[in-house]
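Residue numbers (full-length UniProt numbering): 1 to 353. The beta carbon of each residue, even a glycine, is placed where N, CA and C say it ideally should be. What follows is one structure encoded as structure tokens, with my remarks underneath.
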Ligand code: F6P
């Protein structure tokens with residue numbers, strides 16, 4: 001039976017989303033001769049009953065297929081709004097669009113909301129994890145994370161030389177919400193001296209002692225500090241937890257000011273907030289590969305009428321988990337006792353207490 005499949009991208013964009021669309025459309029049309037439509041702006045498109053026809057023909061620019069290396073999402077996305085307040089209209093919109101199944105490419109927030117809608121509306125849903133934060137449970141790769149890590153490492157590669165030339169401490173604030181995966185992976189891969197993540201408590205004294213040791217014992221006068229945006233900062237007294245908050249804003253600047261104070265302004269600091277640069281750019285080879293496999297397997301699952309599953313990457317393979325199990329386990333944070341944290345410590349990186 002010829003099926004009509006919908007696909008939408010939801011939450012913050014990231015490189016690799018278009019690769020999923022490309023793979024799903026290619027497999028659905030070439031292998032099964034099904035029709036695939038895109039839903040623009042995620043649930044907003046469902047609410048407005050909008051679809052975009054997707055075809056393997058029509059993307060070519062003189063034979064070039066732009067979707068493979070194009071960042072962002074051609075379908076558009078939303079990462080805010082009170083979606084469930086409009087549940088009835090969205091459910092009616094879904095009915096009107098008349099889909100046999102829906103593929104959602106989203107992070108933990110989108111997964112939860114769209115799963116609730118799918119239960120209410122008895123949708124045939126398949127979920128694919130994407131997030132630069134890497135905080136979706138059960139999957140070793142989430143689309144966008146590898147590219148973001150590479151973008152941060154590229155920034156560190158550049159900052160190291162200017163830091164060394166001026167004997168400065170360069171502080172790089174990175175995204176990740178409440179998870180420290182981005183900071184930890186990029187900090188180790190980029191050769192950081194200090195990595196601060198929400199999952200491991202740090203002290204200003206610990207950071208300052210480490211910088212002093214680097215200077216006095218190892219004659220290393222510059223340093224690279226990677227700060228996750230989700231770390232807690234203390235507005236008044238760093239020893240009084242009641243004045244500490246994880247409110248997102250200016251974490252890198254806070255650490256810079258504390259280092260200036262504890263070094264009596266002898267250490268010169270500069271702060272780079274990478275911001276949405278981490279969400280841009282062309283997808284890495286790993287993100288393209290993961291996205292392509294996920295897109296293909298999503299179509300295979302629909303062919304087998306297996307729904308309510310999220311795809312995950314484990315041990316070099318695409319596997320599936322019930323979406324509810326994933327939601328129950330989210331968010332997936334850094335294990336403070338895990339191998340990566342221990343590896344960072346073994347390299348002499350200060351990563352908290
Ligand atoms: O979840 C992805 C993410 O990029 C986070 O790392 C970051 O905190 C947030 O989205 C930024 O959201 P916005 O694009 O709304 O500023």
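Relative to the alpha-carbon of residue 18, which residue among 291, 265, 120 has its alpha-carbon at the smallest distance? The option with the nearest alpha carbon to residue 18 is 291.
Comparing the CB of residue 79 with every heavy atom of ligand 1, is any distance shorter than 7 Å? Distances from the CB of residue 79 to the heavy atoms of ligand 1 include at least one below 7 Å.
Is residue 132 near ligand 1, going by C-beta to nearest heavy atom under 7 Å? Of the heavy atoms belonging to ligand 1, at least one sits nearer than 7 Å to the Cβ of residue 132.
May I ask you to check if the CB of residue 187 is nearer than 7 Å to at least one heavy atom of ligand 1? Because no heavy atom of ligand 1 lies under 7 Å away, the Cβ of residue 187 does not count as near it: no.
Which partner residues does residue 312 have in the DSSP bridge list? For residue 312, which the question treats as bridged, DSSP gives the partners 319.
Would you check if the distance between the CB atom of residue 133 and the CB atom of residue 176 is smaller than 8 Å? Yes, they are a contact pair.
Residue interval of the alpha helix (DSSP H) (run including residue 26): Residue 26 -> alpha helix (DSSP H) spans 17-32.
Residue 177: CB within 7 Å of a non-hydrogen atom of ligand 2: This structure lacks ligand 2; the ligands present are ligand 1.
In angstroms with no decimal places, state the Cα-to-Cα distance between residue 149 and residue 335. So the alpha carbons of these two residues sit roughly 18 Å apart.
Out of 23, 79, 57, 102, which one is the CA nearest neighbour of residue 4? A check of alpha carbon separations from residue 4 across 23, 79, 57, 102 identifies 102 as the nearest.
Host alpha helix (DSSP H) of residue 106 (start-end): From DSSP, residue 106 is part of no alpha helix (DSSP H) but of the beta strand (DSSP E) over 101-106.
For residue 147, which of 135, 71, 303 has the nearest alpha-carbon? Nearest C-alpha to residue 147 among 135, 71, 303: 71.
Report the partner residues of residue 51 according to the DSSP bridge assignment. According to DSSP, residue 51 bridges with nothing at all.
Skipping 5 residues on each side, what residues in its chain have a beta carbon closer than 6 Å to that of residue 225? Counting only Cβ-Cβ distances below 6 Å, and skipping sequence neighbours, we find 171, 194.
First and last residue of the uninterrupted alpha helix (DSSP H) at residue 252: The continuous alpha helix (DSSP H) containing residue 252 extends over residues 251-262.
Please name the residue in 140, 156, 277 whose C-alpha comes closest to that of residue 315. Comparing Cα positions, the closest option is 140.
By a C-beta neighbour count over all protein chains shown, 10 Å radius and 16 as the cutoff for buried, is residue 249 buried or exposed? Burial check for residue 249: the Cβ neighbour count within 10 Å stays below 16, so the residue is exposed.
Examine ligand 1 and report whether any of its heavy atoms sits within less than 7 Å of the Cβ of residue 279. Yes, the beta carbon of residue 279 sits closer than 7 Å to at least one heavy atom of ligand 1.
DSSP-derived helix/strand/coil call for residue 220: Annotated three-state conformation of residue 220 is coil, per DSSP.
Considering only their Cβ atoms, is the gap separating residue 21 from residue 97 smaller than 8 Å? Not closer than 8 Å, so no.
By a C-beta neighbour count over all protein chains shown, 10 Å radius and 16 as the cutoff for buried, is residue 293 buried or exposed? When all chains shown are included, residue 293 counts as buried.
Closer than 6 Å by C-beta to residue 115: which residues in its own chain qualify, once you throw out the five before and the five after it? Chain order, please. Taking residue 115 as the centre and dropping the five residues before and after it, the same chain places the C-beta of 323 closer than 6 Å to its C-beta, in chain order.
Return the CA-CA distance between residue 385 and residue 190, expressed in angstroms with no decimal places. Limits of the chain in this structure are 1 at one end and 353 at the other, which puts residue 385 out of reach.
Buried or exposed by the 16-neighbour rule on C-beta atoms within 10 Å, applied to residue 26: Taking all protein chains in view, the Cβ of residue 26 is crowded by 16 or more other Cβ atoms within 10 Å, so the residue is classified as buried.
Counted within 10 angstroms of its Cβ, other Cβ atoms place residue 9 as buried (16 or more) or exposed: So residue 9 counts as buried.
Residues near residue 45 in its chain [Cβ-Cβ closer than 6 Å; skip 5 each side]: Scanning its chain for C-beta atoms nearer than 6 Å, with the 5 sequence neighbours on each side dropped, one finds around residue 45 the residues 39, in chain order.
Name the residue from 128, 214, 52 whose alpha carbon lies nearest to the alpha carbon of residue 308. It is 128 whose Cα lies nearest to the Cα of residue 308.
Could you tell me which of 6, 16, 86 sits nearest to residue 281, measuring between CA atoms? Just measuring C-alpha positions, the residue of 6, 16, 86 sitting nearest residue 281 is 16.
Buried/exposed call for residue 80, threshold 16 Cβ in 10 Å: Counting every other CB atom within 10 Å of its CB across the protein chains shown gives residue 80 a total below 16, marking it as exposed.
Taking residue 175 as part of the alpha helix (DSSP H), name the residues at either end of that continuous run. Per DSSP, residue 175 is not a residue of any alpha helix (DSSP H), being assigned neither H nor E.
Closest by C-alpha distance to residue 68, when choosing among 49, 304, 284, 125: Comparing Cα-Cα distances from residue 68 to each of 49, 304, 284, 125, the minimum goes to 284.
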